[in-house]
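Read in order, the letters of the sequence shown correspond to residues 135 to 225 in our numbering.
Using N, Cα and C, we set each Cβ at its ideal position, and we do this for glycine too.
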Amino acid sequence: MDVLNLAHGTLFMIGAYVGWTAYVRPDTLLDLATPAALFFAGLLLLPLWDNLLSRARLSPRVGRVLPWVVVVLGLAVLAFGFSAIRLPVGT
């Protein structure tokens, strides 16, 4: 094809970085398992969310805005939870 596709290089570098990180610090994958599981659970529950929104008989505007309100509230709860963590300064 005589075409250089740079997207493949990006995917190779992401795979190399994840592999190197897992090799150097194996518990990193365990650290990332919880956020990944929550993300995929959200994707799996998306049809349920759509079903609940369709049964609520909301106006189209509220139906478009409500998921974003839930996301912002979730981020606020996440920020509040991270603000309670005190990291040690220096060693």
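Under three-state DSSP, which class holds Leu192? coil
(Q) Measuring only the C-alpha atoms, how far is Ala210 from Thr162? (A) 25 Å
Could you round the C-beta distance between Leu186 and Gly197 to whole angstroms and report it? I think they count as a contact, below 8 Å. At roughly 11 Å, the Cβ-Cβ gap does not stay under 8 Å, so Leu186 and Gly197 are not in contact.
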